[in-house]
Amino acid sequence: MSTEKPLNEDIHYLHGQIDALTALLLAVAESTMDKHQFRESGLKRLQAVETALLNKTVPESRLIAIDRMRDWLSHVTS
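Under full-length UniProt numbering, the sequence shown has 23 at position 23, and the numbering climbs by one with no breaks.
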């Protein structure tokens, strides 16, 4: 019996996936719109996700993650 955790339970693996998806997201955004358009579109979508989650019972950490993504978006588009 293996004692290794599945990759989806390894926090370092998950962070690596997030970093890779972030890089790909920025590549797509850069090729399709300017920073201002990306910020406006992203903020609008993040607000929609947050609003939808507020109507459900979700862990506070999920809302914190959305808020941090909003901060990240502001940082990369400044």
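No residue lacks a Cβ here, since even glycine has one placed at the ideal position from N, Cα and C.
Grab the span of the alpha helix (DSSP H) containing Thr57 for me, first residue to last.
In the sequence shown, counting from the first residue as 1, residue 57 sits at position 57. It is not in any alpha helix (DSSP H) - Thr57 carries neither H nor E in the DSSP assignment.
Hey, Phe38 and Ala52 are a contact pair by Cβ (cut 8 Å); roughly how many whole angstroms apart?
Within the sequence shown, numbered from 1, the residue matching residue 38 stands at position 38. Within the sequence shown, numbered from 1, the residue matching residue 52 stands at position 52. At roughly 21 Å, the Cβ-Cβ gap does not stay under 8 Å, so Phe38 and Ala52 are not in contact.
With contact counted as at least three CB pairs below 8 Å, one residue from each stretch, are the segment 2 to 19 and the segment 62 to 70 in contact?
no
How many whole angstroms separate the CB atoms of Val76 and Leu26, which I take to be in contact at a CB cut-off of 8 Å?
Locating residue 76 in the sequence shown gives position 76, where the first residue counts as 1. Locating residue 26 in the sequence shown gives position 26, where the first residue counts as 1. The Cβ separation is near 7 Å, so the contact holds.
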